[in-house]
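**Q**
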Amino acid sequence: MLLVASLMLLCRVTAGYLTNKDDAEFFSEFGPSDSGSSDYLEPEAAFESFCVVSGPRPALGVCTPLRRCRRPQATQHYCLPGTETCCLAADASPVDLPSAPAKVLSTECGRPEIPLLPIPRIAGGHLAAGGEWPWIVQLGLRHQPRWQSLRQRSSGGGAQWFCGGALISPRAVLTAAHCMKLTTEQRRRLVVRIGDEERDLAPLREVAEVIVHPGYRTFTKHADLAVLRLSRPVQLGHRESPICLPAANASFVGLRATVAGWGRQGFDGVPSEDLLEAEVTIEDPAACEAAYRSVGDFEELFPGGFGGTKLCAAGPGRDACRGDSGGPLVVTQPDDRRVLVGIVSTGYKCATRGFPGIYTRVASYVDWILSNA
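By this note's numbering, the letter at position 340 of the sequence shown is numbered 341, and the numbering carries on one by one without gaps.
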């Protein structure tokens, strides 16, 4: 993940970043290269706090535990089914009313085993403690038999890692579309590992289907997201659990967020052997777009501009970098639930002053995600 130098996933990108006439280099993996046996491949200002009470005359309510609402109402699906209801203010107990948790694909989401621990240990970021990121995902290509060691063969085979992602349901992972620029043979070997356990301890999980957003186009960053459907559902628990999705109209500008991964620690740096995390602030997208328009090839990368479908985030010396693509940008709600607000997409080099990292804004695509997860 970013860290003064970068952010997520142990990878070395091969053909991946773009260079324009002004020598502005954008990090971005365009699928892995598959030669050799290396384990790494190159390749707006608060949460929406309300729900809508259904009925002939819809009204705003608050997602509330059932026991604290005198007259439970039917609700939009971003209140937790079975445990929360959309409650009119007059019917709700004043005790500890939570803000609306985001849309969920599971009855429980966004709750790590332990809280995020802001303990600086690495320039630009810090080591993530085990149990903080049960939804974080690594994407890899299972080693072909000729590259497997005896240990890898006996344990089901190792993998070459090249991108990140986030578990959003027992059977679905959300990642960046540009990570899916794979050959047919590579897609057959596509696997994921879930959670922040040591890589040797977490099982490799097969991917049954790749669904790239229909609006995505090669060599652009529009609609840069894809859903991976797993061959078998994950047995959810404290080590593997999904993250919440945001409501479609949620705004996050000005909020602090956290990004995590095993990527390069600098544009020309090396991947991290450990899961790293860093705190960034979500910035004004208009100012961010203006900054990127000052470098060449903007319209080629972002036809028509950001169009409300991007988030920008940065911190002093902290940013996503090569190898972090597809990984999660997460915000913590007042009720301590984690929400996936962005997907690592691209950026101008890494941690370059004046150029925040660019993320796909999950809230802009939540309906498509829900229909394909």
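Glycine residues also receive a C-beta, built at the ideal position from the N, C-alpha and C atoms.
Computed from a predicted structure; not experimentally measured.
Taking G343 and L330 to be in contact with their CB atoms under 8 Å, please state how far apart those CB atoms are, rounded to whole angstroms.
**A** The Cβ separation is near 3 Å, so the contact holds.
**Q** I need the DSSP call for A167, collapsed to helix, strand or coil.
**A** If DSSP states are grouped into helix, strand and coil, A167 belongs with the strands.
**Q** For R112, which option in P335, V208, P215 and E186 has the closest C-alpha, if you only look at C-alpha atoms?
**A** Checked all of P335, V208, P215 and E186; the closest Cα to R112 is P335.
**Q** Tell me which residues share the same chain as R233 and place their Cβ nearer than 8 Å to its Cβ, disregarding the 5 neighbours each side in the sequence.
**A** Excluding positions up to five away in sequence, the list reads R172, R206 and E207.
**Q** Going along the chain, which residues of its own chain have a beta-carbon closer than 6 Å to the beta-carbon of T361, five neighbours each way excluded?
**A** If we look at T361 and ignore the five residues flanking it on each side, its Cβ neighbours are D225, L226, I344 and S346.
**Q** What are the boundary residues of the beta strand (DSSP E) that includes C289?
**A** Looking at the DSSP string, C289 is not in any beta strand (DSSP E); the run it does join, the alpha helix (DSSP H), is P286 to R294.
**Q** Would you kindly report the start and end of the unbroken beta strand (DSSP E) that includes R362?
**A** Start and end: G358 to R362.
**Q** Give me the Cα-Cα distance between H214 and N373, rounded to the nearest whole angstrom.
**A** Going from the Cα of H214 to the Cα of N373 covers about 10 Å.
**Q** Exposed or buried, which one is S1 when buried takes at least 16 other CB atoms within 10 Å?
**A** Given a span of 2 to 374 for the chain in the structure shown, any question on residue 1 remains unanswerable.
**Q** Does DSSP put C110 in a helix, a strand or coil?
**A** Looking at C110 - three-state DSSP - the assignment turns out to be coil, as it is neither helix nor strand.
**Q** Mind reading off the beta-carbon distance from L302 to T221? Whole number of angstroms is fine, and I expect it under 8 Å.
**A** With a Cβ gap of about 6 Å, L302 and T221 count as contacting.
**Q** Which residues share a DSSP beta bridge with E280?
**A** Paired residue(s): T259.
**Q** Do R188 and R143 have their C-beta atoms closer together than 7 Å?
**A** No; because the gap between Cβ atoms is not below 7 Å, this pair is not in contact.
**Q** Does the beta-carbon distance from G324 to C180 come in below 7 Å?
**A** No, the pair does not count as a contact, with Cβ atoms beyond the cut-off.
**Q** Could you check the C-alpha separation between F299 and E290 for me, to the nearest Å?
**A** Looking at the two C-alpha atoms, the distance is approximately 9 Å.
**Q** Would DSSP call A315 helix, strand or coil?
**A** Strand at A315.
**Q** If you count every other CB in all the chains shown that lies within 10 Å of the CB of Q161, and 16 or more means buried, which is it?
**A** Buried, since its Cβ has 16 or more Cβ neighbours within 10 Å.
**Q** Name the two residues that bound the continuous beta strand (DSSP E) containing L302.
**A** Per DSSP, L302 belongs to no beta strand (DSSP E); it is in the alpha helix (DSSP H), F299 to L302.
**Q** Starting from V138, trace the beta strand (DSSP E) in both directions and tell me its first and last residue.
**A** Start and end: I137 to R143.
**Q** Please state whether DSSP places C180 in a helix, a strand or coil.
**A** Helix at C180.
**Q** Who are the Cβ neighbours of L237 in its own chain at under 8 Å, not counting the five residues just before and after it?
**A** Hits under 8 Å: S107, E109, P171 and P243.
**Q** Using the C-alpha atoms, what's the distance from G264 back to V192?
**A** Taking the straight line joining both Cα atoms gives about 18 Å.
**Q** Could you tell me the alpha carbon to alpha carbon distance between F48 and A251, rounded to whole angstroms?
**A** Model confidence at F48 stands at a pLDDT of 26, short of 50, so the residue's coordinates are unreliable; what they give is reported in the following sentence. For F48 and A251, the distance between alpha carbons rounds to 6 Å.
**Q** For P357, does the count of other Cβ atoms within 10 angstroms reach 16, so buried, or fall short, so exposed?
**A** Looking at its Cβ environment, which holds 16 or more other Cβ atoms inside 10 Å, P357 is buried.
**Q** What residues in its chain sit with their C-beta under 6 Å from that of W1, if we drop five residues either side in the sequence?
**A** No answer is possible for residue 1: it lies beyond the span of the chain, which begins at 2 and ends at 374.
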